[in-house]
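Structure first, commentary second.
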Amino acid sequence: MSTTRKINNIKILLQVWNLENDDWDNTLDIYKCGFSTSKAWIDDEKNQGLAFCIVKGKREFYGFNKFSNYEQLPKTNKTIHILWQKFYVQNVTNYGSGNYKYYYVSGEKRATVFKEKPIVLDTITNFATFERRYMRTGMTNIANDETGVTKELLTLSDELKFYPGF
């Protein structure tokens, strides 16, 4: 039996980058912490918090996009998901207007780019369920995740100590 727990007023954001999309934009420095989104709700401070960026794609796309840890990734034809960045949202800058408005989200507080050794997520218990629930809608809040994967992300990124409710 699953227990539902609701964590109010905590935002743990997840943004997923798909390396295989034709519109993958590598003009952003992949070693800086930040991402762009079209979701306007991020422009409200109450919706900001810790952000995780996960990158997904087949192994060769990591090589095409010049990921420094490409050679350390598993040799497989399946999609590989890695934890790429974590940071606390400090800046939201909007660009464009109307239907073409987007927001660049960035921050330096507790920022880490996991570039030395890739943190491959595919073997985490319940990751497939987590991927189906949270990784197909663009940026989303995962603070109330019941799969246990958010807790694992907090542990892997050394953030669990800041979230005693988990």
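Using the working numbering, read the sequence shown as starting at 355 and increasing by one per residue. Yeah, the Cβ is synthetic: ideal placement off N, Cα and C, and Gly gets one too.
Residue i (DSSP reduced to helix, strand or coil)
{"i": "SER356", "result": "Because SER356 sits at a pLDDT of 35, beneath the cut-off of 50, its placement in the model cannot be relied upon, and the following sentence gives the value as read from the coordinates. Note: SER356 maps to coil in three-state DSSP."}
{"i": "ILE396", "result": "helix"}
{"i": "GLN426", "result": "helix"}
{"i": "ILE364", "result": "coil"}
{"i": "LYS515", "result": "helix"}
{"i": "ALA405", "result": "strand"}
{"i": "LEU373", "result": "coil"}
{"i": "ASN498", "result": "coil"}
{"i": "ASN431", "result": "coil"}
{"i": "ASN480", "result": "coil"}
{"i": "LYS505", "result": "helix"}
{"i": "THR381", "result": "Note that THR381 scores 46 on pLDDT, short of 50, meaning its location in the model is unreliable; the coordinates nonetheless yield the value given after this. Reduced to three states, the DSSP call for THR381 is coil."}
{"i": "LEU510", "result": "helix"}
{"i": "ASN419", "result": "coil"}
Nearest-angstrom Cβ-Cβ length linking residue i and residue j, presumed shorter than 8 Å
{"i": "LYS298", "j": "ASN423", "result": "Past the boundaries of the shown model lies residue 298; the chain is included only from 355 to 520, so the question cannot be answered."}
{"i": "PRO428", "j": "VAL503", "result": "That belief does not hold up - the Cβ atoms of PRO428 and VAL503 are roughly 19 Å apart, past 8 Å."}
{"i": "GLY492", "j": "THR391", "result": "6 Å"}
Option in the options with minimal Cα separation from residue i
{"i": "VAL446", "options": "GLY452, TYR456 and VAL409", "result": "TYR456"}
{"i": "ASP476", "options": "GLU399, GLU513 and LEU507", "result": "LEU507"}
{"i": "ILE436", "options": "LYS410, GLU414, SER451 and SER460", "result": "LYS410"}
{"i": "THR466", "options": "ASN431, ILE434, LYS505 and GLN439", "result": "GLN439"}
{"i": "ASP512", "options": "ARG464, PHE481 and THR479", "result": "ARG464"}
{"i": "TYR416", "options": "ASP499, TYR454, ASN375 and GLY452", "result": "ASN375"}
CB of residue i within 7 Å of CB of residue j, strictly
{"i": "ILE396", "j": "VAL370", "result": "no"}
{"i": "VAL443", "j": "ALA394", "result": "no"}
{"i": "LEU373", "j": "TYR488", "result": "no"}
{"i": "PHE421", "j": "CYS387", "result": "no"}
{"i": "PRO472", "j": "GLN426", "result": "yes"}
{"i": "VAL459", "j": "PHE520", "result": "no"}
{"i": "ASN495", "j": "LYS365", "result": "yes"}
{"i": "THR501", "j": "THR483", "result": "yes"}
{"i": "LYS400", "j": "THR433", "result": "no"}
Closer than 6 Å: residue i CB and nearest the ligand GDP heavy atom
{"i": "GLN369", "result": "This structure lacks the ligand GDP; in fact it carries no ligand of any kind."}
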